[in-house]
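To convert, take the position in the first sequence, counting from 1, and add 1030; that gives the numbering used here.
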Amino acid sequence: MRTVAMCLSILPRCRIHSFASSCLENSQRHHPGNRISLRFLSSKTLSSLEGGEQKSKKWTRKSIMTNTEGLKGDGASKSKISNNIKYNLSVETTDGLNVEKSETRELDIIQNCDVQQKMIESEELARLVTVISFDLETSGLNRSCDCVIEMAMQDLAGGKNSTFQTLVNPDCVIKNSEFHGITTDMVNQPHVPRMKDLIPILLAYVKSRQKPGGIVLLVAHNGRNFDVPFLINEFNRNNFDIPHDWHFLDTLPLAREVMKSKVAELKSAKISLSLQSMREYYNIAPIGSAHRAMSDVNTLSQVFQRMTFDLKLPTSGLIERSFRQSDLVKTAKKTSQARPKKC
DNA sequence: GGCCCTCTTTAGGGCCTT
């Protein structure tokens, strides 16, 4: 059996478990012959693995330590070296001055090691995660009654066939055409697919962009409350399941975070966090008509990359902020019990 | 609907998505 202890120390445990489960399931699917287990090592466990108890009890750390075994490439070896340095420096001294100096030096090196470790983590995670921005145009705002009428996706990695765009025939009259310009006549055409026909194509597109054994991170503005519930509803209506390795990220909280830190002088003022406002804030030129799916996806892709740069968010930070279908289902159950929905 | 903010928390208004 091959043991893989992954570098995920900065992720909350629930996210670690969720992400690790995805990776494990994917790895087993792609490499059925291999037996792989994931273990998260505490400092105590790692200490015992390294050959006994720590001699110094003066300094203790409760952070989750990581170790990397059996992974190919430079990243794995660097990770292990970093951990060794950390432990070798935990030496007890009796001279107060020396303690202070040693501690400072140790902290400096530990901080450097942590930065290195985070970079390695980010690189390894980036190899596993496919980031796809997406946007839906719908026949209204009610996720229970309204339907998706247009969909667009864009793999941020770019390359050939990195975008996906289509109108969707909802088999109903579109009453909000003034908002997006999509009319009933436009979607009521033989060549426009219905959602039940589109979902397999959508799944195939995402699969084609997915890295072997990796996960997909689908990004949308206000996705938690709009696009993702709409998408889930469409899948449910047509008896499809959202793939277990799909994670979702809402850029609205990121926009709030950016504006909080960048526009301190306007904290008390009303700041718009809409996608178009964020586009203007970053001086990104509009491409196509706003409120059409592909145009909004183009905008979102650029805004998203600018925001992650501003917030210094590595891939691990994105995973930390992501959510899955099951997270929304739990919330929806609570809500529906409290207030029955009406169309 | 969920989240955030404030003249709040025993609440209410506004934003964001179409």
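Don't be surprised by glycine CBs; every beta carbon is placed ideally from N, CA and C.
Leaving out five residues before and five after residue i in sequence, what residues of the same chain have Cβ atoms less than 8 Å from its Cβ?
i: Leu-1158; result: Cys-1053, Lys-1241, Gly-1243, Gly-1244 and Ile-1245
i: Phe-1265; result: Ile-1229, Asp-1271 and Ile-1272
i: Asp-1340; result: Val-1288, Ser-1291 and Lys-1292
i: Tyr-1312; result: Gln-1332, Val-1333 and Arg-1336
What does a CB cutoff of less than 7 Å around residue i pick up in its chain, not counting 5 residues either side in sequence?
i: Thr-1214; result: Val-1203 and Ile-1204
i: Asn-1206; result: Ser-1169 and Gly-1170
i: Ser-1192; result: Gln-1184 and Asp-1185
i: Phe-1209; result: His-1321
i: Pro-1259; result: Arg-1173 and Leu-1358
Using three-state DSSP, classify residue i as helix, strand or coil.
i: Val-1159; result: strand
i: Asn-1199; result: strand
i: Leu-1279; result: strand
i: Phe-1334; result: helix
i: Leu-1305; result: helix
i: Leu-1233; result: helix
i: Phe-1256; result: coil
i: Asp-1227; result: helix
i: Phe-1164; result: strand
i: Phe-1194; result: strand
i: Ile-1272; result: coil
i: Asn-1328; result: helix
i: Val-1288; result: helix
i: Asn-1172; result: coil
i: Arg-1354; result: coil
i: Arg-989; result: Lying outside 1031 to 1373, the shown extent of the chain, residue 989 is not represented and no answer is given.
i: Leu-1341; result: coil
Tell me where the alpha helix (DSSP H) around residue i begins and ends.
i: Ala-1250; result: It is not in any alpha helix (DSSP H) - Ala-1250 instead sits in the beta strand (DSSP E) that spans 1245–1250.
i: Arg-1376; result: Residue numbering for the chain in the displayed model covers 1031 to 1373; residue 1376 lies beyond these limits and cannot be assessed.
i: Cys-1214; result: A small fix is needed here, since residue 1214 is Thr in this sequence, not Cys. That run of the alpha helix (DSSP H) goes 1214–1217.
i: Ile-1204; result: Here Ile-1204 belongs to no alpha helix (DSSP H), and DSSP marks it neither H nor E.
i: Ala-1315; result: Ala-1315 -> no alpha helix (DSSP H), and no H or E assigned at all.
Where does the unbroken beta strand (DSSP E) through residue i begin, and where does it stop?
i: Val-1178; result: 1178–1185
Please check the pair residue i and residue j, which I expect to be a contact at CB under 8 Å, by giving their CB distance rounded to whole angstroms.
i: Arg-1224; j: Asn-1199; result: 5 Å
i: Thr-1160; j: Arg-1239; result: 5 Å
i: Leu-1166; j: Leu-1261; result: 7 Å
i: Ser-1331; j: Ser-1163; result: 5 Å
i: Asp-1280; j: Arg-1254; result: 4 Å
Which same chain residues end up closer than 6 Å to residue i when comparing Cβ atoms and leaving out the 5 residues on each side of it in sequence?
i: Met-1308; result: Ala-1285 and Val-1333
i: Phe-1353; result: Phe-1278
i: Val-1222; result: Leu-1197 and Asn-1199
i: Ile-1301; result: Met-1289
i: Gln-1195; result: Ala-1182 and Met-1324
Query - Cβ contact (3+ pairs, closer than 8 Å) linking the region 1230–1237 and the region 1315–1332 - result: Note that the region 1230–1237 does not touch the region 1315–1332; fewer than 3 beta-carbon pairs, one per stretch, sit closer than 8 Å.
Query raised in the report: Do the region 1326–1338 and the region 1179–1187 meet, that is, are 3 or more Cβ pairs less than 8 Å apart?
Result: A contact exists between the region 1326–1338 and the region 1179–1187.
Query raised in the report: On the three-pair Cβ rule with 8 Å, is the region 1346–1353 touching the region 1246–1257?
Result: The region 1346–1353 is in contact with the region 1246–1257.
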